[in-house]
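Chains as they are written, first to last, in UniProt numbering: chain F, 1 to 208; chain W, 1 to 208.
Just so it is clear, CB atoms sit at the ideal spot from N, CA and C, and this is done for glycine as well.
All figures in this text were calculated on a predicted structure; none of them were measured in a lab.
Working notes, structure below.
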DNA sequence: CCACTAGTGCGACAACTGTTGCTTTAAGAT
DNA sequence: ATCTTAAAGCAACAGTTGTCGCACTAGTGG
């Protein structure tokens with residue numbers, strides 16, 4: 001295809017290439033913070049990064065490419081899900097984090113979601129990031145199973161989705177006013193359903 | 001502000017104005033169906049509608065205005081939530097409808113969601129449509145309460161959100177592969193939590 | 001039937017977006 | 001130090017998007 005879009009410091013990891021990438025990505029985040037996704041243009045990013053337009057076009061192609069790179073960089077952190085000692089506590093804390101990240105204006109996650117609708121590459125990067133996050137969150141369910149809070153055959157992913165989806169739905173899709181106890185409400189509901197065995201896997205004999 | 005964008009046949013409800021509005025909205029839906037939201041341009045809509053570009057710009061301003069008008073038109077139907085005789089059945093049928101509308105390619109609802117991120121006016125229209133839909137769906141909860149399936153102080157909206165949010169989350173935001181029994185799974189979970197009283201309103205004494 | 005005018009068609013234009021060929025800079029190797 | 005070449009700068013260009021003034025068409029009212 002074409003050369004890797006995300007910096008690809010394979011051939012020349014030298015200072016300039018990396019420096020310019022950092023400048024540009026910083027500029028993207030700053031622009032996103034100031035004008036939101038709507039106001040994010042290649043022109044403005046290049047100007048703020050102190051880099052020529054052509055450079056940005058050549059390395060990232062379009063706005064979606066820029067966002068994809070930002071998303072990939074976001075997945076390289078060491079974030080870990082909260083560990084409060086109980087399933088309900090973990091889910092509530094997790095939802096609190098999600099809630100806060102979605103209500104600050106302007107919200108970077110919101111902008112990234114918006115971008116994923118305009119660019120296939122941003123959508124792919126977004127999907128990778130979601131997958132990574134939910135994967136890490138499965139630890140919450142594993143710990144709950146170890147503590148005996150949940151039956152051992154509980155499917156982690158649907159449970160996590162049930163807990164977090166209402167937040168995204170209300171704040172991203174429906175755009176209702178931020179409800180202070182929405183996070184706890186959704187977490188509690190999911191925990192309750194899980195304890196009742198709502199997420200037990202259908203086929204128990206899935207061993208080796 | 002400015003003259004009403006959605007046709008506004010106040011002053012001259014004559015045949016041509018209405019005819020052109022219909023042509024343009026049809027063209028929007030057709031373009032949306034063929035090229036998705038990405039490929040929706042004012043130029044193409046005008047051409048397909050057999051109308052001059054300037055006319056479309058003047059009456060709808062931008063793509064968001066077009067979508068907003070389509071959304072408003074969509075809310076004028078006589079849709080009613082399914083009535084199967086049980087809460088779980090109703091929610092499952094409802095989720096089935098949502099599921100189907102989101103997995104067909106290209107999906108109009110998906111495109112409208114995407115549009116709502118680009119245009120404030122489309123976002124407003126989208127919000128009106130969601131509100132209308134969830135309002136109508138509250139009948140599901142009311143019937144369940146009347147049947148004695150749910151406690152009388154059950155909050156309808158959070159319950160409906162809990163039931164439907166996982167679908168939107170997976171199919172619109174996460175874009176995972178369509179899961180055939182995802183609709184039933186989410187509906188069942190929500191129904192179970194509701195029966196357990198997870199959506200009981202906190203303050204019982206809110207009467208006159 | 002005729003006059004009025006909201007709404008549409010038309011063409012020209014400015015602004016913006018993205019591309020291309022070439023030159024210049026600087027990282028990495030000899 | 002100097003050579004090589006990947007990557008950035010630069011300027012000119014084509015295509016697209018949105019705007020404006022004016023002419024004209026066709027509902028609306030007398």
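Query	Result
Residue-level contact to chain F via CB, residue 54(W), 7 Å cutoff	no
Chain W residues whose Cβ lies nearer than 8 Å to that of residue 113(F)	117, 173
CB contact check: residue 166(W) to chain F, cutoff 7 Å	yes
Contact list for residue 192(W) against chain F, beta-carbon separation under 8 Å	193, 196, 198
Any 3 or more C-beta pairs closer than 8 Å across the stretch 166-174 of chain W and the stretch 151-169 of chain F	yes
Contact list for the stretch 126-152 of chain F against chain W, Cβ threshold 9 Å	126, 127, 130, 131, 134
Span separating the alpha-carbon of residue 75(W) from that of residue 135(W)	12 Å
Residue 57(F), buried or exposed, once every other Cβ within 10 Å from all chains shown has been counted against 16	exposed
Residue range of the unbroken alpha helix (DSSP H) whose run includes residue 46(W)	42-49
Contacts that residue 61(W) makes with chain F (C-beta to C-beta distance below 8 Å)	Simply none; closest approach about 15 Å.
Same chain, Cβ closer than 8 Å to residue 113(F), neighbours up to 5 away in sequence not counted	126, 172
Integer-rounded CB distance, given that residue 45(F) should sit under 8 Å from residue 28(F)	6 Å
Chain F contact for residue 187(W) (CB, 7 Å cutoff)	no
Nearest-angstrom Cα separation, counted from residue 148(W) out to residue 154(W)	11 Å
Cutoff 7 Å: residue 161(W) Cβ touching any chain F Cβ	yes
Secondary structure of residue 176(W), DSSP reduced to three states	coil
Contact under 7 Å by Cβ, residue 20(W) with residue 81(W)	no
Opposing strand residues paired with residue 188(W) [DSSP bridges]	Residue 188(W) pairs with nothing; no bridge assigned.
Residue 99(F) burial status per 10 Å Cβ neighbour count (16 or more: buried)	buried
Contact with chain W by residue 35(F), beta-carbon distance below 7 Å	no
Integer Cβ distance of residue 193(F) from residue 189(W), believed to fall under 8 Å	5 Å
Below-7 Å beta-carbon distance, residue 99(F) vs any chain W residue	no
Selected residue, minimal CA-CA separation from residue 116(F), among 104(F), 129(F), 106(F)	129(F)
CA nearest to the CA of residue 48(W), picked from 25(W), 65(W), 17(W), 185(W)	25(W)
Same chain, Cβ closer than 8 Å to residue 50(W), five either side skipped, listed in chain order	23
Beta-carbon separation (whole angstroms), residue 63(W) vs residue 119(W), contact threshold 8 Å	7 Å
Simplified DSSP state of residue 54(W), which is helix, strand or coil	helix
Range of the contiguous alpha helix (DSSP H) that encloses residue 35(W)	15-35
Runs of alpha helix (DSSP H) wholly within the stretch 120-174 of chain F (minimum 4 residues, chain order)	120-146, 156-168
Distance between residue 16(W) and residue 101(F) (C-alpha atoms, nearest Å)	49 Å
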